[in-house]
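The next block holds one structure in the form of structure tokens; read it before the comments.
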Amino acid sequence: MDRKEALELLRQHLKKPNLVKHCLAVEACMRAMASRLGQDPDPWALAGILHDLDYEVTEKSPDLHTTETVKILEAGGIPPEVIHAVQAHAGKVPCQSPMDWAIYTIDPLTGLIIAATLMHPEKKLAAVDLAFVQNRYKEKGFARGARREEIEQCRNLGLELPEFIDACLKAMQGISADLGL
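Count the sequence shown with the working numbering and you get residues 1 to 181, in order.
Structure, rendered in structure tokens:
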């Protein structure tokens with residue numbers, strides 16, 4: 001499946017613009033992280049863009065999250081390692097590969113970066129820097145849904161937290177127009 005097909009599938013299953021933007025943010029970060037770690041960015045990006053495909057139908061039943069996505073991806077011939085990463089992001093299977101750890105840690109980080117951007121006076125990703133995100137990260141009451149304990153698992157990728165945050169921030173800044181920020 002190429003990106004165009006993945007984007008069509010995403011828009012077919014997700015109607016809420018902010019969910020689509022979230023998936024685009026995760027895709028950009030996954031692509032950047034794969035390149036940084038010397039991996040093929042295409043399957044990583046595919047996992048990122050499709051990871052929440054069933055979110056709108058499983059939103060009220062988190063225990064079912066990814067079950068419909070897995071069915072759709074298997075029917076579409078998506079590689080098993082991509083499907084495993086999609087399941088790993090939601091804690092349905094243990095993280096085993098760098099792709100698994102990346103999506104598991106990137107998913108909550110994108111939410112934190114968006115929340116930090118919306119707190120910034122300019123409300124633009126271009127205006128946000130690493131120090132600003134790190135300061136928001138340290139505030140326990142800020143973006144509580146962005147689970148810090150998951151983000152900190154970036155060490156399983158061999159990355160320190162500041163390096164990880166900075167790489168994702170830059171990836172998201174690269175698609176700021178798509179994110180409306």
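Even for Gly, the Cβ is constructed at its ideal location relative to N, Cα and C.
*Taking only the alpha-carbon atoms, compute the straight-line gap between G38 and M30 and give it to the nearest angstrom.*
Rounded to the nearest whole angstrom, the CA to CA distance from G38 to M30 is 12 Å.
*Alpha carbon to alpha carbon, how far is K170 from A32?*
So the alpha carbons of these two residues sit roughly 9 Å apart.
_Looking only at its chain, what residues have a beta carbon closer than 7 Å to the beta carbon of L161, apart from the 5 residues adjacent to it on each side?_
If we look at L161 and ignore the five residues flanking it on each side, its Cβ neighbours are E152 and C154.
*Span of the alpha helix (DSSP H) holding V93?*
For V93, no alpha helix (DSSP H) run applies, since DSSP gives it neither H nor E.
*Apart from the five residues just before and just after M1, which ones in its own chain have a Cβ nearer than 8 Å to its Cβ?*
Taken in chain order, the residues that qualify are L9, L46, G76, G77 and I78.
*With DSSP as the reference, label D129 as helix, strand or coil.*
D129: coil per DSSP, three-state reduction.
*asked:* Is the beta carbon of L53 closer than 7 Å to that of T69?
replied: A contact, by the Cβ cut-off of 7 Å.
*Simplified DSSP state of E59, which is helix, strand or coil*: Three-state DSSP puts E59 in coil, outside helix and strand.
*Can the beta-carbon of I113 be found less than 7 Å from the beta-carbon of V86?*
Cβ distance not < 7 Å, so I113 and V86 don't count as in contact.
*List in chain order: all unbroken alpha helix (DSSP H) runs of 4+ residues lying wholly within the region 93 to 163.*
If you keep only unbroken alpha helix (DSSP H) runs of at least 4 residues inside the region 93 to 163, you get 98 to 119, 130 to 138 and 148 to 151.
_Spatial distance of S61 from I175 (CA atoms)_ = Approximately 31 Å, taken between the alpha carbons.
*Might you give, ordered along the chain, the residues of its own chain that have their beta carbon closer than 8 Å to the beta carbon of K124, omitting 5 neighbours on each side?*
Same-chain partners within the cutoff: T117, S176 and L181.
*Could you give the C-beta distance for C23 and H51, rounded to a whole number, given that I count them as a contact under 8 Å?*
Right, their Cβ atoms sit about 7 Å apart.
*Cα-Cα separation between I165 and K71, rounded to whole angstroms*: Between I165 and K71, the alpha-carbon positions lie close to 32 Å from each other.
*Secondary structure at P80, three-state DSSP: helix, strand or coil?*
In the structure shown, P80 falls within a helical segment according to DSSP collapsed to helix, strand and coil.
*asked:* Considering Cα atoms alone, identify which of R36, V128, G111 and E59 is closest to P98.
replied: Per the Cα distances, R36.
*For M172 versus A6, is the C-beta spacing smaller than 7 Å?*
The Cβ-Cβ distance between M172 and A6 does not fall below 7 Å.
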